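>
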Amino acid sequence: MLSGGGAKGMAHLGVIQALEENNIPIDYVAGTSIGAIVGGMYAMGLSPLEMLEIFKSQEFSYWQTGEIQDDYVYSYKRKNPTPDIFSIKFSVKDSLIVQPRLPTNAIDPVQMNIAFMTLFSQATAASGGCFDNLFVPFRCIASDVYNKQAVILNSGNLGDAVRASMTFPFVFRPIEIDSLLLFDGGIYDNFPINTMKSDFAPDYIIGVSVTANPRRPNVRSLMSLMENMVIHRTDYSVDLNEGILIDFQLDNIRLLEFNKAEELFKLGYDKTIKKIDQIKEQVNRRITQEELNARRAEYRATFPELKFKNIKVTGVNAEQQRYISRSFQEGHEFISLEQFRRNYFKLLADNRISEIRPHAVFDKENGYFNLILDVFLEENFIFSVGGNVSSSVSSQAFFGFNYQVLKSVGLDFDLNLQFGQVYDAVQLTSTVDFPSPNLPFYLRLTGNIQRFNYFQDDRMFFESSSTVSAIKEEKFAKFDVGFPISIKSKIEMGAGYGFLQDRYFQTQSALANNNRDESRYSLFGMHVRYLINTLNDKQYPNKGTFCNITGQLVVGDERFISSTNSTDNMNRNIAWWQASGKIERYCHITHNFTLGIMGNAVWSERPLSSNYSASILQAPLFTPTPHSKYIFNEAFAANQFMAVGIKPIYIITRQLSVRTEFYGFMPVRPIERRSDTEFGYGNYFSSFEYIAEAALVFRFPFLAVGIFVNNYSQPARNWNAGFNIGYLIFNRRFLE
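Just so you know, we're using my numbering here: the sequence shown kicks off at 434 and counts up by one.
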């Protein structure tokens, strides 16, 4: 009989191992929460050492974090990142009622749903859905919070039963079984001794408790407050005439501290060995390890192969079922487990789908599983708030409004607004997704109005400069069609028209007199882009790959308007092509150390403009860090350049890391100012610049905080320090 207790339940494994090594038979098992997970695995024929390997595996870390493996990140469905921090999702039921929905769980169930199905479905099939027919008869406890009572689960889907028993409120999303919304069994019965007695009436009970009743709540600990609010007191005792209690005091182990599995396994093993003689005196029957292993092998040989034939989609209407089925089905007679995993994560990459709970239902007559996909859709409306709070001029406010609907095609309408001293933007995007088992594709129309204000300097706090040295404005519309090449990559191609305007000072005297010249560009462009994006964070990634290879052809006209002498005005037609490539990859070196590498190259045949300022403002920029994105540093602008970077990252905890970054930048031919009126290309590879930065990064579930110091090679002695709270992410530009 196994209590709940989160990661402390790894001690259960050591207890079972000690009993098996000493030939003590285990005829029945009952558990709550982590006790239900361990008990359920044992009941389906897994040994304690096999279970320990599961809990130590990388796959298990995905269960408890909801993180998706790099191999299953579906880049095709990933939207361009935005600086949102918090979202409220809501639906409009009628013209008067708006129903907002806030997050109900801290951990995304995407990994847990698939893991519990793949782990327990074969045992459910072999037992016929009766937990008495498992390798060891099994019971687990869940909680019906509506009727405020414990629920004993003794039949049905084994994975659902275990999942319900360990669903701690606000950490995991509840599950519905037989119209009951069920939570963690530890709320009402964290030590199911009464269930063990009533259902099995064993001769001798071995109870294992790895937790205790909640202590007086700590006002500074959210988990402590939640435990005291929801968990009822439990009697953790076993009558001496009925059995023995093996209990542990593990107050120093946190709920999800599964990285201490081996240490806890040994604690459980050692404490049980100390009591093994006492147990042997009361339990006369023995079963050898050889006999037990033979029984396990015989039972697990009855498991049918986990492959799927028919797919049934529930929880959505007929049009939505067609969309999901077309996205999932590949035209094969059977779907293997690997095909299922790949398509499962593809579907969940769709922002319109909130959750998919898969169930494998065995067809005895035909010998295969039918796949039931219980689909939960996101709300139609999403309101997002975000931006960046900075120690410099780069503080931004972001508001996003999204309407999305799923029919036989997927529809999205996004309105994003940004406001700040450096950047203002309004962007409207409309996307139509067409599903297909062979080649899905989307059509996207984007309209964008944005302005960049580049300040003369970037000082901290109240010393921020009020002088804007250059203003770049863009108004454009683009039409794109995109389709996947593989699970990680896609191709996007399209065309657009834009009106670009730069206002700038060409000389110090012009700045003193506030005389800004203007360059205006009316441009039509066509582009094709190859894209991979499996990064795990939109601003401070430490895992995954990013690749963007873009080719563009641009034609249009350029107009120069002088602020002082109209005879200098100029109007001409221009045309050019350009190609760019950026790759960024993070390599896991050790448990705490990750190395990021980056390469960036641009080749543009764009002709130089009528003056130096116009030419440098329209040249491609190298901006690898958040700080470099909101300043205009002429030393890192060129029509053709190559750049490389290295990013050693020391990960202190999951939330805290130290990032160091060093970038080298080399223009093929730098654009040089020779005098107030003369400029041109310099010699090939005649300059080299660098950016060096170190940052302490705090990553919270919805927010990132970075405290940084950096140095640029140009201008001389260019040191900067500051902080960013949130995300500094701008919309794509017309020319990328």
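Built from N, CA and C at the ideal position, the CB exists for glycine as well. The model shown is predicted, which means the values in this text are computed figures rather than measured ones.
Grab me the residues of residue 1032's own chain with a C-beta within less than 6 Å of its C-beta, minus the 5 sequence neighbours each way, in chain order.
Numbered from its first residue, the sequence shown carries residue 1032 at position 599. Counting only Cβ-Cβ distances below 6 Å, and skipping sequence neighbours, we find 1016 and 1077.
> Does the separation of the CB atoms of residue 381 and residue 644 fall below 7 Å?
Only positions 434 to 1169 of the chain appear in the structure, and residue 381 is not among them; the question remains open.
> Taking 6 Å as the limit between beta carbons, can you name the residues of its chain near residue 992, skipping five residues before and five after?
On the sequence shown, position 559 is the one that residue 992 refers to. Within the same chain, residue 992 has close Cβ partners 953 and 1004.
> To test your reading of the DSSP string, which unbroken alpha helix (DSSP H) runs of 4 or more residues are found completely within the region 611-635?
Fully enclosed alpha helix (DSSP H) runs of 4 or longer: 626-633.
> Would you report the Cα separation of residue 877 and residue 957, rounded to the nearest angstrom?
For this step, residue 877 is matched to residue 444 along the sequence shown. For this step, residue 957 is matched to residue 524 along the sequence shown. The straight-line gap from Cα to Cα measures roughly 17 Å.
> Nearest-angstrom Cα distance between residue 1148 and residue 1066?
Residue numbering aside, residue 1148 sits at position 715 when the sequence shown is read from its first letter. Residue numbering aside, residue 1066 sits at position 633 when the sequence shown is read from its first letter. Going from the Cα of residue 1148 to the Cα of residue 1066 covers about 8 Å.
> Under a three-way DSSP split, which group does residue 471 fall into?
Locating residue 471 in the sequence shown gives position 38, where the first residue counts as 1. DSSP places residue 471 in helix when its eight states are reduced to three.
> Going by the DSSP bridge assignment, what does residue 569 pair with across the sheet?
On the sequence shown, position 136 is the one that residue 569 refers to. None; residue 569 has no bridge partner.
> I'd like to know whether the C-beta atoms of residue 619 and residue 466 end up nearer to each other than 7 Å.
Locating residue 619 in the sequence shown gives position 186, counting from the first residue. Locating residue 466 in the sequence shown gives position 33, counting from the first residue. Residue 619 places its beta carbon less than 7 Å from that of residue 466.
> Can you list, in chain order, the residues of its chain whose CB lies under 7 Å from that of residue 507, leaving out five sequence neighbours each side?
Within the sequence shown, residue 507 is the residue found at index 74, counting from 1. Cβ neighbours of residue 507 beyond the five flanking positions: 778, 779, 782 and 920.
> Roughly how many angstroms lie between the CA atoms of residue 629 and residue 676, to the nearest whole one?
On the sequence shown, position 196 is the one that residue 629 refers to. On the sequence shown, position 243 is the one that residue 676 refers to. Take the alpha-carbon of residue 629 and the one of residue 676: they are about 12 Å apart.
> Suppose the cutoff is 7 Å on Cβ atoms and the five residues either side in sequence are ignored; what does the same chain contact list for residue 487 look like?
For the purposes of this step, residue 487 is taken as residue 54 along the sequence shown, with counting starting at 1. The answer, listed in chain order, is 493.
> Is it the case that the Cβ atoms of residue 496 and residue 544 are separated by a distance below 7 Å?
By one-based count along the sequence shown, residue 496 stands at place 63. By one-based count along the sequence shown, residue 544 stands at place 111. In contact: residue 496 and residue 544 (Cβ atoms closer than 7 Å).
> Closer than 8 Å by C-beta to residue 759: which residues in its own chain qualify, once you throw out the five before and the five after it? Chain order, please.
The residue you call residue 759 lines up with position 326 of the sequence shown. Contacts found: 868, 869 and 870.
> Report yes or no: do three or more beta-carbon pairs, one from the region 562-577 and one from the region 468-485, lie closer than 8 Å?
Touching, yes.
> Using a 10 Å radius around the Cβ and a threshold of 16 neighbouring Cβ atoms, would you call residue 864 buried or exposed?
In the sequence shown, counting from the first residue as 1, residue 864 sits at position 431. Answer is buried; the Cβ neighbour count reaches 16.
> Suppose the cutoff is 8 Å on Cβ atoms and the five residues either side in sequence are ignored; what does the same chain contact list for residue 1114 look like?
Numbered from its first residue, the sequence shown carries residue 1114 at position 681. Hits under 8 Å: 1041, 1102, 1103, 1104 and 1105.
> For residue 550, report the span of its alpha helix (DSSP H) as first-last.
The residue labelled residue 550 in the question sits at position 117 within the sequence shown. First-last of the alpha helix (DSSP H) with residue 550: 543-560.
> Pull the bridge partners of residue 601 from the DSSP assignment, please.
For this step, residue 601 is matched to residue 168 along the sequence shown. DSSP, once it has assigned bridges, lists no residue as partnering residue 601.
> Indicate the three-state DSSP secondary structure (helix, strand or coil) for residue 774 in the structure shown.
Locating residue 774 in the sequence shown gives position 341, counting from the first residue. Three-state DSSP puts residue 774 in a helix.
> Taking the straight line between their C-alpha atoms, what separation do you get for residue 966 and residue 505?
The residue you call residue 966 lines up with position 533 of the sequence shown. The residue you call residue 505 lines up with position 72 of the sequence shown. Cα-Cα distance, rounded: 11 Å.
> In its own chain, which residues sit with a C-beta less than 6 Å from the C-beta of residue 1022, not counting the 5 before and 5 after it?
Looking up residue 1022 in the sequence shown gives position 589. Correct list, in chain order: 1028.
> Does the beta-carbon of residue 564 have 16 or more other beta-carbons within 10 angstroms, so that it is buried, or is it exposed?
Taking the first residue of the sequence shown as 1, we reach residue 564 at position 131. Looking at its Cβ environment, which holds 16 or more other Cβ atoms inside 10 Å, residue 564 is buried.
> Between the Cα of residue 838 and those of 939, 746, 598 and 811, spot the shortest distance and give me the residue it belongs to.
As a working note, residue 838 is residue 405 in the sequence shown. Of the listed residues, the one whose Cα sits closest to residue 838 is 811.
> Under the rule that 16 or more other beta-carbon atoms within 10 Å means buried, what is residue 529, buried or exposed?
What you label residue 529 is simply residue 96 of the sequence shown in a count that begins at 1. Summary for residue 529: the model assigns pLDDT 44, below 50, so the residue's position carries little reliability; its value from the coordinates is reported in the next sentence. Per the 10 Å Cβ criterion, exposed.
> Using C-beta distances below 8 Å, list every residue in its chain close to residue 940, excluding the 5 sequence neighbours before and after it, in chain order.
Along the sequence shown, one-based indexing puts residue 940 at 507. Excluding sequence neighbours, residue 940 sits near 1109.
> Do residue 977 and residue 503 have their C-beta atoms within less than 7 Å of each other?
Locating residue 977 in the sequence shown gives position 544, counting from the first residue. Locating residue 503 in the sequence shown gives position 70, counting from the first residue. Cβ distance < 7 Å, so residue 977 and residue 503 count as in contact.
> Rounded to the nearest angstrom, how far is the Cβ of residue 826 from that of residue 854, given a contact under 8 Å?
By 1-based counting over the sequence shown, the position of residue 826 is 393. By 1-based counting over the sequence shown, the position of residue 854 is 421. So it is a contact: roughly 5 Å between Cβ atoms.
> In terms of alpha-carbon separation, which member of 490, 562, 1079 and 482 lies closest to residue 792?
By 1-based counting over the sequence shown, the position of residue 792 is 359. Considering only alpha carbons, the answer is 562.
> Give the DSSP bridge partners of residue 1029, in chain order.
Working through the sequence shown from its first residue, we reach residue 1029 at position 596. Residue 1029 is bridged to 1019 and 1080.
> Do you know offhand how far residue 599's Cα is from residue 617's?
In the sequence shown, residue 599 corresponds to position 166, counting from 1. In the sequence shown, residue 617 corresponds to position 184, counting from 1. One C-alpha to the other measures close to 5 Å.
> Figure out for me which residue from 803, 451, 1125 and 705 has the closest Cα to the Cα of residue 1097.
On the sequence shown, residue 1097 is found 664 positions in, with the first residue counted as 1. Taking residue 1097 as reference, the option from 803, 451, 1125 and 705 with the minimal CA-CA separation is 1125.
> Roughly how many whole angstroms lie between the Cα atoms of residue 771 and residue 743?
Residue numbering aside, residue 771 sits at position 338 when the sequence shown is read from its first letter. Residue numbering aside, residue 743 sits at position 310 when the sequence shown is read from its first letter. Cα to Cα, the separation comes out at about 16 Å.
> Can the beta-carbon of residue 886 be found less than 7 Å from the beta-carbon of residue 901?
For the purposes of this step, residue 886 is identified with residue 453 of the sequence shown, where counting begins at 1. For the purposes of this step, residue 901 is identified with residue 468 of the sequence shown, where counting begins at 1. Going by C-beta atoms, residue 886 is nearer than 7 Å to residue 901.
> With the cut-off set at 7 Å, would you say residue 849 and residue 515 are in Cβ contact?
Numbered from 1 along the sequence shown, position 416 holds the residue referred to as residue 849. Numbered from 1 along the sequence shown, position 82 holds the residue referred to as residue 515. Yes. Within cutoff.
> Residues bridged to residue 995 by DSSP?
Here residue 995 refers to the residue found at position 562 of the sequence shown. Per DSSP, residue 995 has no beta-bridge partner at all.
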